[in-house]
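In mature numbering (1 follows the signal peptide of the UniProt record, and there is no 0), the protein residues as written are -20 to -1, 1 to 383. Using N, Cα and C, we set each Cβ at its ideal position, and we do this for glycine too. Owing to the predicted nature of the structure, the values given are computational and were not obtained by experimental measurement. Here is the structure we will look at, set down as C-alpha cells.
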C-alpha cells in the first residue's frame, strides 16, 4: 500500500515538474488529486499571460488588476471548466463577446470586481456564478436571461436592495441562491421571487434586512438560512409548504416570538438552529409541534423562562437539545420523558438560574445515572436556595437537592 501511495505522489511530482517547464511567467501549474491541471497566475501586470497550457481545467487570474478580457486571451482552452477572475477591475462590457464561450467552461467567479449589474458576455452554458462583493443594487428579468443553465448563484456582500418580479423565473435548474450580507429587505423582494424555481435546494439570506419569513417558497427547498436577520416573529404555519426542508438556520437573530404551530409541515427537518435571540416566552406544547424528524434543536441564549410538559412530544428522533443560557429555574421531569424523546442523548442546560430543590433532583441524578449526557456540569450552577447558591453540579450530589 505504501508503495502505491509513494508511486502516486512521485508521479504527481513528475507531472508537476513537466508542466512547470511550460508554465507561463508569473504562473504556477499544478496537477490536482483528480489529475486535472490547475494554473494560478498572479502579479501579471494587468494582462492575461500568453501560453497558458491547453490542458488547463482550472484557471485562477485573480488579483491582477485586469480591466478587460479578449477572445484571444483564452483561445484554445477547450477543457477549461472553472475560471476565477476574483479581485480585478472588471465592469460593464469589458469581457469581449465570445471571450468566455469555451466548450467546457461552466463556473465563473467574478467576486470583488466593479460590476453594477450581471455582465452580458458570460458563457451561455455557465452553471455556477459567483459575483459577490460587487456594487450591484438590483436584479431584473434581463439579469439572467441568457444564462438559463445556472444552478448556483452567489451575490454576497453586494449592494442588493431590489429584485424585480420574475427575475429568477427563467432559471429552471437553479439549486442554490445566496444573497447573504446584503441590505435586501422584504420591500425589495417580490412575493413569489423563487416560486418557479422548483429545483431550489439552498436559500441563504444571512445578515440581511429581512423582517419576516418569505412565503411561497418552492417545496424543493432543503436548507433555509435567516442567520442574523431582523425577523422577530415566526407566524403559525409559516413553513407549512416546505415539507422537504432539512435544515433551518436562524441563530444570532432578533427572534422574540415563535407562534404555536410555526413549524408545522417541516416533517423532514433534521436541524433547527435558532440560538442567540430574544425569546422570552414559554416553550409550549405547540411551539415545536410537527418536528417528527428533527435530531438537533438549538434554543440556547434566549430568555426562555419555562418549557411545558409535552413541548417535546413530537420530537421522537431528537438526539441533542440545547437550552443553555436562558432564564430556566426548573424543569418538570415529564419534559424529558422517554415517551416524548426516546432517542435523546445529549442535553445542554448550563448558564441558567437553576433553583436546586427537590423538584430538580431528578435532573441532577441524570448527570451520573442515565444514558442521557448532561453536558458541562461544572458550568451548571444553582442560584437558589441560599445554601446552594453559586455551587455547581459537579460538586453537588442529588441528595443536596431538597425541599
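1) Under 6 Å Cβ to Cβ from residue 18, same chain only, skipping five residues before and after it: list those, please.
2) Taking a contact to mean a Cβ-Cβ separation below 8 Å, would you say residue 268 touches residue 249 in this structure?
3) For residue 144, I'd like the list of residues in its chain whose CB is within less than 8 Å of its CB, leaving aside the five on either flank, ordered along the chain.
4) Could you tell me if the beta carbon of residue 27 falls within a distance shorter than 7 Å of some heavy atom in the ligand ADP?
5) Pull up the DSSP beta-bridge partners for residue 158, would you.
6) Determine the contact status of residue 203 and residue 181, defining contact as a CB-CB distance below 8 Å.
7) Identify the residues that DSSP records as bridge partners of residue 334: which are they?
8) Mapping DSSP to helix, strand and coil, what is residue 384?
9) Is it true that the CB of residue 96 sits closer than 8 Å to the CB of residue 83?
10) Can you tell me which of the three DSSP states residue 52 falls into?
11) Using a threshold of 8 Å, state whether the C-beta atoms of residue 154 and residue 133 are closer than that.
12) Just to confirm my understanding: we take residue 275, look at its own chain, exclude 5 residues before and 5 after, and list those with CB closer than 6 Å. What are they?
13) Is the CB-CB distance between residue 304 and residue 329 below 8 Å?
14) Would you mind stating whether residue 48 and residue 88 have Cβ atoms separated by less than 8 Å?
15) Look at residue 164 and residue 193 and say whether their C-beta atoms are less than 8 Å apart.
16) When we look at the beta-carbon of residue 262 and count the other beta-carbons within 10 Å, is it buried (16 or more) or exposed?
17) Going by other Cβ atoms of all chains shown within 10 Å of its Cβ, with 16 needed for buried, is residue 255 buried or exposed?
18) Please say whether residue 270 and residue 290 have beta carbons closer to each other than 8 Å?
19) Mapping DSSP to helix, strand and coil, what is residue 65?
20) Excluding five sequence neighbours on each side, which residues of the same chain lie with their C-beta closer than 8 Å to the C-beta of residue 359?
21) With DSSP collapsed to three states, give me the class of residue 10.
22) For residue 190 versus residue 166, is the C-beta distance shorter than 8 Å?
23) Just the C-alpha distance for residue 168 and residue 147, rounded to the nearest angstrom, thanks.
24) Can you tell me whether residue 319 is buried or exposed? The criterion is at least 16 other CB atoms within 10 Å of its CB, across all chains shown.
25) If you draw a straight line from the alpha carbon of residue 368 to that of residue 311, how long is it in whole angstroms?
26) Taking its Cβ as the centre, do 16 or more other Cβ atoms sit within 10 Å of residue 177, making it buried, or is it exposed?
27) Pull up the distance between the alpha-carbon of residue 78 and that of residue 266, whole angstroms please.
28) Can you tell me which of the three DSSP states residue 238 falls into?
29) By DSSP, does residue 382 sit in helix, in strand, or in coil?
30) Where does the unbroken beta strand (DSSP E) through residue 301 begin, and where does it stop?
31) Would you decide whether residue 50 is buried or exposed? Buried here means 16 or more other CB atoms lie within 10 Å of its CB.
32) Return the first residue and the last residue of the beta strand (DSSP E) that residue 343 is part of.
33) Please name the residue or residues paired with residue 18 in a DSSP beta bridge.
34) Assign residue 7 to one of two classes, buried (16 or more other C-beta atoms within 10 Å of its C-beta) or exposed (fewer than that).
35) If you follow the beta strand (DSSP E) that residue 203 is part of, which residue opens it and which one closes it?
36) If you follow the beta strand (DSSP E) that residue 229 is in, where does it begin and where does it stop?
Taking the definition as stated:
1) 10, 12 and 38
2) no
3) 118, 119, 120, 121 and 170
4) Of the ligands one can find in the structure shown there are none, so the ligand ADP has no counterpart to examine.
5) 134 and 184
6) yes
7) 362
8) Any property of residue 384 remains undetermined from this structure, which presents the chain solely from -20 to 383.
9) no
10) helix
11) yes
12) 250, 297 and 299
13) yes
14) no
15) no
16) exposed
17) buried
18) no
19) coil
20) 330, 331 and 372
21) strand
22) yes
23) 12 Å
24) exposed
25) 18 Å
26) buried
27) 57 Å
28) strand
29) coil
30) 300 to 302
31) exposed
32) Premise fails: residue 343 lies in the alpha helix (DSSP H), 341 to 345, not in any beta strand (DSSP E).
33) 10 and 38
34) buried
35) 203 to 205
36) 227 to 229
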